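Residue numbers (numbering that gives the first Met the number 0): 0 to 263.
Just so it is clear, CB atoms sit at the ideal spot from N, CA and C, and this is done for glycine as well.
What you are looking at is a predicted structure, and each value in this text was computed from that prediction instead of being measured.
A short write-up of the structure that comes next.
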Amino acid sequence: MNQTELCNRLARTPEDRLLLRRVLDQAVAAERKCVPCRTHFLSPREAALSGQLIAALGQPSHRFDGGYPSAERQVCVFLPDWLEPEDCLPEEVGITALRATWYQGESLSHRDLLGALMGLGVRREMVGDLLVAEHSCDCLLLPEVVPFLLQNLTQAGRSRLRVAQIGLDEIVVPAVARKIIRDTVSSLRLDAVAASGFGTSRAKMAEAISSGRVTLNYLECTRPDHPVAQGDGIACRGMGKCRLTAVGGRSRKGRVNITLERYI
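This is the structure:
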């Protein structure tokens, strides 16, 4: 199977095919030029799809990075043979952080900040996570747009902004509220684990999965019996997100002990 056929097989939409071709181009460029080559920022789904392509290519040396460990939006950096992923420097990853601050007493949301960036003509693929605090937002960005934003990002909504570049070690990551769920399931099927995580019946969960409302590791999964492994993330439209964080032994009744985190 050639590379074009591989992209076509993995893609589910024309947009997927375009994405995979762009990712493939960076992998080829890194090998040909012997320098790190990165993609633009990828959504979690795009990163998962790119991961499938990378696996099919034989796992060329690469690193996903969003500027901090738990980043949702990430770039994929393909590396030459002489550079190990753990030795890749921040400037080789190519992510920059800006901090936008506003006056106390005013309130801005993620939507406000993203709208301000889009209103200036910045494409979504140039923007990583936006970490919104009470009176500031740390913006993860590709370096190409940073000089422009330092000059032009002056307002979001009706609030005036002050913008400065900061180091990646200075960003502030807001705490995410989580609920820990400890339960037992008959097996590590998707419908059983998801029903436990979302507090609903297995039958209702199976229906949601079959109707295309559920993603496993950010990719749609329509098989209720699909196996789930420790570390997998599950999302269901209208219910939220959860992650299987631990799989234990079996109970006296033969059920599997599991621990999940549900994001609330």
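Member of the options whose CA lies at the smallest distance from the CA of residue i
| i | options | result |
| --- | --- | --- |
| L97 | T153, W81 and R8 | T153 |
| D111 | D86, C138, A245 and L17 | C138 |
| S135 | R37, L116, L107 and R122 | L107 |
| L82 | A29, V246, L243 and Y102 | A29 |
| Q164 | G232, A99, T244 and R201 | A99 |
| K252 | D24, G232 and V184 | V184 |
| F147 | G232, L116, E169 and Q25 | L116 |
| P68 | L167, T12, P226 and D80 | L167 |
| S200 | M238, Y102 and G232 | M238 |
| P142 | L259, R37, L23 and A26 | R37 |
| R177 | C241, E85 and A70 | C241 |
Own chain partners of residue i with C-beta closer than 7 Å, once the 5 adjacent residues on each side are dropped
| i | result |
| --- | --- |
| I53 | P59 and H61 |
| C87 | P35, R62, V76 and L78 |
| P223 | R188, L189, D190, A205, I208 and S209 |
| E105 | S158 |
| R16 | C6, N7 and A10 |
| G248 | N256 |
| D64 | Q73, V74, V76, V92 and I94 |
Run of the beta strand (DSSP E) containing residue i, from where it starts to where it stops
| i | result |
| --- | --- |
| L23 | Not the beta strand (DSSP E): L23 falls in the alpha helix (DSSP H), residues P13 to K32. |
| G230 | Unbroken run through G230: none, as it is neither H nor E. |
| N216 | Where N216 is concerned, there is no enclosing beta strand (DSSP E), given that its DSSP letter is neither H nor E. |
Short Cβ contact (9 Å threshold) for residue i with residue j
| i | j | result |
| --- | --- | --- |
| V171 | Y262 | no |
| V126 | L140 | yes |
| A245 | V213 | no |
| T95 | V145 | yes |
| L23 | L56 | yes |
Endpoints, alpha helix (DSSP H) assigned at residue i
| i | result |
| --- | --- |
| C6 | Q2 to L9 |
| A245 | Per DSSP, A245 belongs to no alpha helix (DSSP H); it is in the beta strand (DSSP E), G239 to R249. |
| E91 | P89 to V92 |
Three-state class that DSSP yields for residue i in the structure shown
| i | result |
| --- | --- |
| Q150 | helix |
| A174 | coil |
| A132 | coil |
| A205 | helix |
| V121 | coil |
| G196 | helix |
| Q58 | coil |
| G127 | strand |
| L113 | helix |
Any non-hydrogen atom of the ligand SAM closer than 8 Å to residue i Cβ
| i | result |
| --- | --- |
| C87 | With respect to the ligand SAM, the structure offers nothing, as it holds no ligand at all. |
Interface flag, residue i vs chain D, CB-CB below 9 Å
| i | result |
| --- | --- |
| A70 | As a matter of chain content, chain D is missing from the structure shown, which is built from one protein chain. |
Proximal residues to residue i (C-beta, below 8 Å), its chain only, five neighbours per side dropped
| i | result |
| --- | --- |
| L119 | F147, L148, N151 and L152 |
| Q229 | L243, T244, A245 and V246 |
| P173 | L130, V131 and A132 |
| Q25 | C36, R37, T38, C75 and F77 |
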